[in-house]
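> I am attaching a structure below and will ask some questions about it afterwards.
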Amino acid sequence: MTLFSKLSDSVDKALELPISPERKELLGLLIDFIQEKINQGEMVNLNFICTHNSRRSQFSQIWAQTAADYYGIPANCYSGGVEVTAFNERAVDSIMRAGFDVIPTDTSDNPRYHILHSRGGRPILAFSKTYDDPANDAKNFAAVMTCDHADENCPFIPGTEQRIPLRYEDPKAFDGTGQEAEKYDERSLQIASELFYVFSKIQKK
């Protein structure tokens, strides 16, 4: 698989970012879940969850699926929330700046997008939804909690085999400021860095 040229440059930047030992310990939980599934010959299903499914969980789904495809790991990466809002337009813009091809498929208040990382690649479906939306067609998944509110207020998520806390700071804090684009891109690349690290550690059968 050959990533789009601009996206490949973004991945190179992400791979250069340092990851602290504390974060690597958390990421190890996700690595172990994925590796066990691969060892058992089972599909890897990951559901990235935050409250509104508008920013961090969307970044996580997109980068995780891209990393899985890049390293040739069979995985279904989803995202969801506890409330339906919309894939925030600032996050959409950030994904475009990273080099993804973003194709809107409708113009509703909660638009759907097909996100492409390479020519001929399988589109990643992105829109705001609850974690149990039919589009998240998975059972036996790891629930990866990307925000503290969802992690603390969703004590039980049906279908979960393992719950993994992987919280990220919300770029929403910089909405409307001169740092808005910078902080969205910073958070996106942090997530890319960590999820590419995760999938790079998986040993294929």
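All the letters of the sequence shown, read from the start, carry residue numbers 886 to 1090 under my numbering.
We put the beta carbon where it would ideally sit given N, CA and C, even for glycine.
Small disclaimer: the values here were computed from a predicted structure and weren't measured.
Decide if PRO1056 is buried, meaning its Cβ has at least 16 other Cβ atoms within 10 Å, or exposed.
Against the sequence shown, residue 1056 aligns to sequence position 171. Buried, because 16 or more other Cβ atoms sit within 10 Å of the Cβ of PRO1056.
> At what residues does the beta strand (DSSP E) containing GLU1046 begin and finish?
Counting from 1 along the sequence shown, the entry for residue 1046 is found at position 161. Here the beta strand (DSSP E) through GLU1046 covers 1045 to 1050.
> Under 7 Å Cβ to Cβ from THR1031, same chain only, skipping five residues before and after it: list those, please.
In the sequence shown, counting from the first residue as 1, residue 1031 sits at position 146. Closer than 7 Å at the Cβ level, and outside the excluded window around THR1031, lie PHE933, ILE934, CYS935, ARG941, SER942, SER945, LEU1051, ARG1052 and TYR1053.
> Does the Cβ of ASN1025 have 16 or more other Cβ atoms within 10 Å, making it buried, or fewer, making it exposed?
Position 140 of the sequence shown, counted from the start, is the residue given in the question as residue 1025. Answer is exposed; the Cβ neighbour count stays below 16.
> Using a Cβ-Cβ cut-off of 8 Å (strictly less than) and excluding sequence neighbours within five positions of ARG997, which residues of its own chain qualify?
Here the question's residue 997 lines up with position 112 in the sequence shown. Answer for ARG997: PRO989, THR990, ASP991, LEU1010, ALA1011 and PHE1012, listed in chain order.
> For ASP986, list the residues DSSP reports as bridge partners.
Taking the first residue of the sequence shown as 1, we reach residue 986 at position 101. LEU1001.
> Measuring alpha carbon to alpha carbon, tell me which of ARG982, CYS962, GLU901 and VAL987 ends up nearest ILE919.
The count along the sequence shown starts at 1 and reaches residue 919 at position 34. Nearest of ARG982, CYS962, GLU901 and VAL987 to ILE919, Cα basis: CYS962.
> Under 8 Å between the Cβ atoms of HIS1002 and LEU892?
Position 117 of the sequence shown, counting from 1, holds the residue named residue 1002. Position 7 of the sequence shown, counting from 1, holds the residue named residue 892. Taking 8 Å as the Cβ cut-off, HIS1002 and LEU892 qualify as a contacting pair.
> Use the C-beta contact count for ILE947: other C-beta atoms within 10 angstroms, 16 or more gives buried, fewer gives exposed.
Position 62 of the sequence shown, counted from the first residue, corresponds to residue 947. It counts as buried.
> State yes or no: is the C-beta of THR1045 within less than 8 Å of the C-beta of ALA1023?
Here residue 1045 refers to the residue found at position 160 of the sequence shown. Here residue 1023 refers to the residue found at position 138 of the sequence shown. For THR1045 and ALA1023, no; Cβs fall outside 8 Å.
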